[in-house]
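Have a look at the structure below, then the notes.
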Amino acid sequence: MQYIVLDMEWNQAWPGSYSAKRLPIKFRGEIIQIGAVRVTDRQIVGDEFQVLIKPKVFRKLNKKVSSLTGIKDAQLAEHGVPFPEAIDRFREWCGEDCVFLTWGFDDIGILKENMELHGLESSWVDRWYNAQMIFNSQTDGATAQKALKTAMQMAGVEPTRPAHDALGDAYHTAILCTRLDLPRGMEEYGRSMEEHENGFHGAQIPGCLDRKVFHGLAGRDDALELLGGEENLCPKCQSLMNHGKWVSSQNRRYTAMASCPNHGQFLLRVRLVAEEDGTTKAIRMIYEGTSDAANTFRTTKATVRKRTRRPHSSTKQ
Ligand SMILES: [Zn+2]
Numbered sequence: 255m256q257y258i259v260l261d262m263e264w265n266q267a268w269p270g271s272y273s274a275k276r277l278p279i280k281f282r283g284e285i286i287q288i289g290a291v292r293v294t295d296r297q298i299v300g301d302e303f304q305v306l307i308k309p310k311v312f313r314k315l316n317k318k319v320s321s322l323t324g325i326k327d328a329q330l331a332e333h334g335v336p337f338p339e340a341i342d343r344f345r346e347w348c349g350e351d352c353v354f355l356t357w358g359f360d361d362i363g364i365l366k367e368n369m370e371l372h373g374l375e376s377s378w379v380d381r382w383y384n385a386q387m388i389f390n391s392q393t394d395g396a397t398a399q400k401a402l403k404t405a406m407q408m409a410g411v412e413p414t415r416p417a418h419d420a421l422g423d424a425y426h427t428a429i430l431c432t433r434l435d436l437p438r439g440m441e442e443y444g445r446s447m448e449e450h451e452n453g454f455h456g457a458q459i460p461g462c463l464d465r466k467v468f469h470g471l472a473g474r475d476d477a478l479e480l481l482g483g484e485e486n487l488c489p490k491c492q493s494l495m496n497h498g499k500w501v502s503s504q505n506r507r508y509t510a511m512a513s514c515p516n517h518g519q520f521l522l523r524v525r526l527v528a529e530e531d532g533t534t535k536a537i538r539m540i541y542e543g544t545s546d547a548a549n550t551f552r553t554t555k556a557t558v559r560k561r562t563r564r565p566h567s568s569t570k571q
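In terms of my numbering, the sequence shown is residues 255 to 571.
Written as structure tokens, this is what we have:
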């Protein structure tokens with residue numbers, strides 16, 4: 255078995271642009287660069303892979319993406335290859351029996367969305383782990399996600415490659431991975447993910463379809479109004495959803511059922527966090543209506559309803 259440490263850069267739509275709205279599937283970004291570094295089963299850094307991709311959906315680079323990654327439109331036009339060809343090359347380079355490691359939760363999901371858009375089979379990337387979780391559980395036990403730069407500082411790894419470059423980030427992640435006990439990390443992963451679930455940090459939890467963080471909110475009312483209002487969009491078709499009453503629980507958590515006219519019910523879970531600048535951050539997760547999380551919520555709500563009814567009916571008697 256071999257580990258493939260993967261990092262990608264992706265381009266996003268210009269806000270409100272036409273191309274962003276007409277896509278048939280959920281599409282968070284169009285991949286423009288794939289970088290990967292092989293780590294052998296003896297945890298030694300091996301060979302490297304890099305490819306630039308000619309965009310097809312968002313043909314012009316978003317200014318923010320361009321300035322962050324240093325990638326220019328002309329470069330993609332000249333050196334980029336079509337996405338299916340890039341994936342063919344990547345898969346061939348990976349070889350058989352791979353486990354993927356990424357720094358963060360987003361990369362594989364976005365990779366799969368891009369594959370889906372191009373009609374490519376994507377189950378070969380399903381065996382993956384977020385190296386952040388393994389790093390956290392084997393270092394400071396933190397439950398929050400850590401920037402790659404922070405982890406490198408903690409581990410005393412000097413940057414030798416450019417940041418926000420797919421291969422550069424993959425290389426630095428690979429160096430960190432060689433210092434971890436990867437087999438143990440993978441074995442314990444389920445448990446550390448559960449801890450994160452409880453802390454609302456993780457995506458890739460059974461039944462969880464989406465995780466999004468909203469910054470700069472005025473407070474609870476503002477957050478619940480936004481997340482029950484214009485941001486309450488179906489994760490499958492982006493239609494505006496209806497939602498039931500928010501049920502609050504400890505540690506500023508709010509849960510409600512939402513329903514899409516086309517796709518039925520979903521569970522919304524929100525956790526609010528006060529930020530240093532006095533604003534509120536909301537972390538929202540959307541679960542399948544048939545998930546364990548949604549079923550538990552329905553059952554709990556029914557119990558609460560029964561309990562609150564009882565004293566009312568007893569006063570009548
Ligand atoms: Zn829908």
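From the three backbone atoms N, C-alpha and C, an ideal C-beta is built for every residue, glycine too. Every value quoted in this text rests on a predicted model; they were computed, and no experiment measured them.
Subject >> Beta-carbon proximity list for I362, same chain, < 7 Å, skipping 5 on both sides >> reply: The residue labelled residue 362 in the question sits at position 108 within the sequence shown. Cβ neighbours of I362 beyond the five flanking positions: F354, T356, V379, W382.
Subject >> Spatial distance of R282 from E367 (CA atoms) >> reply: Looking up residue 282 in the sequence shown gives position 28. Looking up residue 367 in the sequence shown gives position 113. Whole-angstrom Cα-Cα distance: 8 Å.
Subject >> Test item: CB-CB of H577 and L463 under 8 Å >> reply: Summary: the structure shown does not reach residue 577, with the chain confined to residues 255 through 571, and so no result is reported for it.
Subject >> Nearest-angstrom Cα separation, counted from T544 out to T554 >> reply: Reading the sequence shown from its first residue, position 300 is the one you call residue 554. Reading the sequence shown from its first residue, position 290 is the one you call residue 544. As the crow flies, the alpha-carbon of T554 is around 15 Å from that of T544.
Original post:
If we count the other Cβ atoms within 10 Å of its Cβ and call it buried at 16 or more, is G334 buried or exposed?
Top reply: Residue numbering aside, residue 334 sits at position 80 when the sequence shown is read from its first letter. Label assigned to G334: buried.
**OP:** List in chain order the residues whose CB is within less than 6 Å of at least one heavy atom of ligand 1.
**Re:** C488, K490, C491, S493, C514, N516, H517
Original post:
Taking one C-beta from the stretch 421-435 and one from the stretch 470-486 each time, how about it: are there three or more such pairs within less than 8 Å?
Top reply: Because the criterion of three Cβ pairs below 8 Å is not met, the stretch 421-435 and the stretch 470-486 do not touch.
Original post:
What are the residues that DSSP puts in a beta bridge with I288?
Top reply: Residue mapping note: residue 288 aligns to position 34 of the sequence shown, counting from 1. Per DSSP, M262, V305.
Subject >> Own chain partners of G324 with C-beta closer than 8 Å, once the 5 adjacent residues on each side are dropped >> reply: For the purposes of this step, residue 324 is identified with residue 70 of the sequence shown, where counting begins at 1. Here G324 has P416, H418, D419 as same chain residues with Cβ atoms under 8 Å from its own Cβ, once five neighbours each way along the sequence are excluded.
Original post:
What residue ranges within the stretch 304-375 form continuous beta strand (DSSP E) runs of no fewer than 3 residues, ordered along the chain?
Top reply: 352-356
Original post:
Helix or strand or just coil, what does DSSP make of G462?
Top reply: Translated into the one-based positions of the sequence shown, residue 462 becomes position 208. Per the sequence shown, residue 462 should be read as Cys rather than Gly. Strand, per DSSP.
Subject >> Cβ shell of G498 (< 7 Å), same chain only, five flanking positions each side left out >> reply: Working through the sequence shown from its first residue, we reach residue 498 at position 244. These residues qualify, in order along the chain: A510, M511.
Original post:
So the beta strand (DSSP E) W399 belongs to, where does it begin and stop?
Top reply: Taking the sequence shown and counting its residues from 1, one reaches residue 399 at position 145. Before going on, a small fix: residue 399 reads as Gln here, not Trp. Premise fails: Q399 is in no beta strand (DSSP E) and is neither H nor E.
**OP:** Enumerate in chain order the residues of its own chain whose CB-to-CB distance from N316 is below 7 Å, with the five nearest sequence positions on each side excluded.
**Re:** Taking the sequence shown and counting its residues from 1, the one referred to as residue 316 is at position 62. Result list for N316: N265, Q266, W268, in chain order.
Original post:
DSSP beta-bridge partners for R538?
Top reply: Translated into the one-based positions of the sequence shown, residue 538 becomes position 284. BP columns for R538 point to K466, V524.
Original post:
Sorry if obvious, but does the Cβ on A340 come closer than 7 Å to a heavy atom of ligand 2?
Top reply: Ligand 2 is absent from the structure shown, which contains only ligand 1.
Subject >> Coil, strand or helix - C431 by DSSP >> reply: Here residue 431 refers to the residue found at position 177 of the sequence shown. Note: C431 maps to helix in three-state DSSP.
**OP:** Assuming C352 and I258 form a contact by the criterion Cβ under 8 Å, report the distance between their Cβ atoms to the nearest whole angstrom.
**Re:** Position 98 of the sequence shown holds residue 352. Position 4 of the sequence shown holds residue 258. That belief holds up - the Cβ atoms of C352 and I258 are roughly 5 Å apart, short of 8 Å.
Subject >> Beta-carbon spacing of R538, F468 below 8 Å >> reply: Translated into the one-based positions of the sequence shown, residue 538 becomes position 284. Translated into the one-based positions of the sequence shown, residue 468 becomes position 214. Contact: yes.
Original post:
Taking the alpha-carbon positions, what's the H372 to R474 distance?
Top reply: Position 118 of the sequence shown, counting from 1, holds the residue named residue 372. Position 220 of the sequence shown, counting from 1, holds the residue named residue 474. Using only the alpha carbons, I get a separation of about 40 Å.
Subject >> Residue burial classification, M255 (beta-carbon count within 10 angstroms, cutoff 16) >> reply: Residue mapping note: residue 255 aligns to position 1 of the sequence shown, counting from 1. That one is exposed.
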